[in-house]
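In the working numbering, the protein residues as written are 170 to 272.
Structure, as structure tokens:
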Amino acid sequence: MNTQVEQTLDAALRNWKSMSGAGHDEAEATADEFEASFYTFIDAVREWVNGLDQRPQTLEDFLELSVVQKLTDRLPAELHLNFETEAELILDNQVRMDEDKYD
170 MNTQVEQTLD
180 AALRNWKSMS
190 GAGHDEAEAT
200 ADEFEASFYT
210 FIDAVREWVN
220 GLDQRPQTLE
230 DFLELSVVQK
240 LTDRLPAELH
250 LNFETEAELI
260 LDNQVRMDED
270 KYD
């Protein structure tokens, strides 16, 4: 697996765990940290995909890659849809603007 992708996934998962266990006073700050780290992870995935010799053409092809299966196995189930949505944008060569990212 690409080192940058793995490192950014690790950070997003740490922030997901922090957000999940945060108290009311910390909820907004930990949610913001998770969101930022999730999109840093997505940016790393984009760079990795764009650097592949044989770039997948469909979401199904992308999700069947062994590296991607390892990533999705590590993601909490609640994040699978978000990851797939971002993967579709990556494959369509679209970049989500900051104001369009999930709140």
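Glycine is no exception: its CB is placed at the ideal position from the N, C-alpha and C atoms.
- Taking every protein chain shown into account, the CB of L221 has fewer than 16 other CB atoms within 10 angstroms, so this residue is exposed.
- Taking 8 angstroms as the upper bound for CB-CB distance, F207 and M188 are not in contact here, some 10 angstroms apart.
- For E229, the closest alpha carbon among the candidates V174, K239, R243 and A256 is that of A256.
- From the listed residues V236, N171 and I211, the smallest Cα separation to F252 is found for I211.
- In the DSSP annotation of this structure, the continuous segment of the alpha helix (DSSP H) that includes E229 starts and ends at L228 to E233.
- Of E247, A246 and V214, the smallest CA-CA separation from N262 is found for V214.
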